[in-house]
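Read the structure below first, then the notes.
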Amino acid sequence: MNIRMILILMFCLLFSASVTVTTSDATTVFGGSRIMAIDQDQRTITFKTKEGETWTLPVTDPNLLNRQPIAKGDQVTIEIDLNDRITNVVKASEVPTAPRIETEDR
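Each step along the sequence shown adds one to the number in numbering that gives the first Met the number 0, with nothing skipped, and position 64 is 63.
Written out as C-alpha cells, the structure reads:
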C-alpha cells in the first residue's frame, strides 16, 4: 500500500514538473469600428467602437500606417495586443465575408 502511494505521488510530481507555461498571443478585436483620427507623428490611431467607446492607442509597427491606406471615417476592424497597442487594421471592404450557404426548402 505504501509503495503504491509513493509511486502515485512520484507520478504526480513528475507530471506537474513537465507542464510548461506558455504566454498567450491573444488579441482583442474591435470589429465595426470607425477611424476618428490618425496621428502620424505620435503613431496613434483614434477610433470609435460600434458600442460608442472612443480609444486612442499606439501602433506597434510604424509601417502599419503605410501598408494600407486608411483615413478618417473608414470602417475598420482593429486588433490590439495585451499591452493595448494596435497590431493590425483591416478596412471593412477588405474583410473576407463568410461563404453563403444555400438551404433548400423541403
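Built from N, CA and C at the ideal position, the CB exists for glycine as well.
Bear in mind the structure is a predicted one, so any value in this text is a computation, not a measurement.
As a beta-bridge residue in DSSP terms, R33 pairs with K47 and Q74. In this structure, M35 is the residue among M9, Q41 and M35 with its C-alpha nearest to the C-alpha of I77. Around the CB of S32, 16 or more other CB atoms lie within 10 Å, so the residue is classed as buried.
Here DSSP, grouped into helix, strand and coil, assigns I69 to coil. Per the coordinates, the alpha-carbon of L56 lies some 7 Å from the alpha-carbon of T45.
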